[in-house]
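**Student:** With our numbering, the residue at position 59 of the sequence shown is 61, and numbering never jumps. For glycine and all other residues, C-beta sits at the position ideal for the given N, C-alpha and C. My questions all concern the structure below.
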Amino acid sequence: MKTTTKIGGVGLLGVVSVLAAAPATAQEALPAGGTTEASASVLASEARERANQAGEFLQAGALLREAAQLRGTDDPEAVRDLRDAALFAFYGGNRQQAVADMATAGARAADLRQQ
């Protein structure tokens, strides 16, 4: 029984060390002096990469929300970012954030249609 516990502890330690080595945010990869559109694209790309990693759905959603905020009100990519943020929040177990993100995506989409 103790052998299993030790193996599990070592495995958990390995996972924690891998996560600690990952960058805290995608902002470290943002282009220096770049436009907000370029920054939004970098954040969105990083978010979608993180979504492919186990347990990174909530972080991916946060990055996509940030990317959507950087995009202009007339940019349909912001709607896609918010929709994906809602999905990742849901998959990460935060249903309240998922509903809020989807509502914001819907409002932004409606604003696009009125322009």
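1. Per DSSP, what kind of secondary structure is Gln98 in: helix, strand or coil?
2. Output the distance between the C-alpha atoms of Gly102 and Glu58, rounded to the nearest integer angstrom.
3. So the alpha helix (DSSP H) Gln61 belongs to, where does it begin and stop?
4. Helix, strand or coil, according to DSSP, for Ala111 in the structure here?
5. Would you grab the beta carbon distance between Arg52 and Leu65 for me? Rounded to a whole angstrom, and I think it's under 8 Å.
6. Do you know whose CA, among Leu72, Thr38, Gly94, lies nearest Ala62's CA?
7. Where does Ala105 fall in DSSP's three states?
8. Under three-state DSSP, which class holds Ala53?
**Tutor:** Taking the coordinates as given:
1. helix
2. Note that residue 102 is Ala in the sequence shown, not Gly. Distance between the alpha carbons of Ala102 and Glu58 is about 19 Å.
3. 59 to 72
4. helix
5. 7 Å
6. Gly94
7. helix
8. coil
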